[in-house]
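Please read the structure below before turning to the comments.
Residue numbers (UniProt numbering): 1 to 253.
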């Protein structure tokens with residue numbers, strides 16, 4: 001490779017790295033603002049009164065739905081990711097950068113990636129099969145379509161972006177054996193919440209559980225757990241694939 005070609009390639013690479021340096025902040029900042037706007041709209045909606053049983057259940061137990069838990073996890077993750085991007089940009093102490101990078105990787109890998117896929121795929125699968133099982137039609141007058149999509153469809157986009165960001169701080173891909181207990185604890189906490197609400201108030205948060213027997217509910221939740229574990233494994237494998245691809249690109253340069 002002659003000197004002129006090397007100079008052009010180095011300049012091009014420098015521009016690419018410059019843009020990648022700001023890509024995380026450029027994406028996650030408006031996403032965080034969007035989520036804040038969504039939450040404020042939910043608060044405004046819950047100020048309304050209605051005779052709809054489905055709406056009143058959502059209003060009363062709004063902090064107990066897995067969609068909300070997942071959105072909260074995404075907000076925590078994006079906040080940490082932004083702090084990580086800023087700390088890297090301004091070259092804060094290495095210990096801080098490493099801690100933020102590790103937190104970012106753990107939250108994303110163990111909770112955000114598998115739970116977001118579970119929320120999105122499960123919601124739209126049940127919605128397509130029979131929407132009354134998950135989101136009754138009576139709720140349409142209270143929740144505009146854009147809000148439904150913001151917490152069940154748009155939430156997948158940060159997964160795609162995070163997988164393709166050029167992250168540093170020397171943090172390796174988090175191992176499956178370390179993330180599985182975190183995911184299991186998160187899902188177990190939600191199952192306890194789900195059954196506690198039913199036992200104390202005789203309310204099933206999701207209509208589908210009304211039509212299932214106890215053994216069917218247990219089987220259904222078991223399938224969901226192993227599906228989430230599968231998504232966890234998939235996310236880790238994808239991270240390894242992306243990491244190898246980047247390493248090969250650097251070596252070829």
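Backbone N, C-alpha and C define an ideal beta-carbon position, used for all residues, glycine too.
What did DSSP end up calling residue 93 once you bin it into helix, strand or coil? Residue state, collapsed to three classes: coil.
Using CA atoms only, rank isn't needed, just tell me which of 232, 241, 242 is closest to residue 115. 232
Exposure of residue 65, with buried meaning 16 or more beta-carbon neighbours within 10 Å: Residue 65 comes out buried.
Beta-carbon within less than 8 angstroms of residue 236's beta-carbon, same chain only, minus the 5 sequence neighbours each way: which residues are those? 109, 173, 174, 175, 176, 179
Helix, strand or coil, according to DSSP, for residue 204 in the structure here? coil
Keeping to the same chain, check which residues put their C-beta closer than 6 angstroms to that of residue 161; ignore five residues upstream and five downstream. 27
Roughly how many angstroms lie between the CA atoms of residue 136 and residue 210, to the nearest whole one? Spanning the alpha carbons of residue 136 and residue 210 requires a straight line of approximately 13 angstroms.
Locate the alpha helix (DSSP H) running through residue 120, then write down its first and last residues. 113 to 130
Tell me where the alpha helix (DSSP H) around residue 299 begins and ends. The chain is shown from 1 up to 253; residue 299 falls before or after that span and cannot be answered.
Where does residue 237 sit, in a helix, a strand or coil, going by DSSP? Note: residue 237 maps to helix in three-state DSSP.
Is there at least one Cβ from chain E nearer than 9 angstroms to residue 94's Cβ? Within the model displayed, chain E is absent; a lone protein chain is all it includes.
Mark residue 158 as exposed unless 16 or more other C-beta atoms lie within 10 angstroms of its C-beta, in which case mark it buried. buried
If you reduce the DSSP assignment to three classes, tell me which class residue 48 lands in. The answer is coil: DSSP assigns residue 48 none of H, G, I, E or B.
Considering only the alpha carbon of each residue, which of 242, 182, 107 lies closest to residue 84? 107
Under 9 angstroms between the Cβ atoms of residue 152 and residue 124? In this structure, residue 124 lies closer than 9 angstroms to residue 152 by Cβ.
Backbone CA spacing between residue 202 and residue 208 [nearest angstrom]: A straight-line Cα-Cα distance of about 14 angstroms links residue 202 and residue 208.
Consult DSSP for residue 136 and reduce its assignment to one of helix, strand or coil. coil
Nearest by alpha-carbon distance to residue 53: which of 198, 138, 199 is it? Among 198, 138, 199, the Cα nearest to that of residue 53 belongs to 138.
From 60, 82, 56, residue whose alpha carbon lies closest to that of residue 30: 82
Determine, using beta carbons only, whether residue 150 and residue 34 come nearer to each other than 9 angstroms. yes
Roughly how many whole angstroms lie between the Cα atoms of residue 70 and residue 156? If you draw a straight line from the Cα of residue 70 to the Cα of residue 156, it comes to about 11 angstroms.
Report buried or exposed for residue 87, applying the criterion of at least 16 other Cβ atoms within 10 angstroms of its Cβ. buried
The alpha helix (DSSP H) that contains residue 150, what's its start and end? 145 to 152
So residue 162 is in the alpha helix (DSSP H); what residue range does that whole segment cover? 157 to 164
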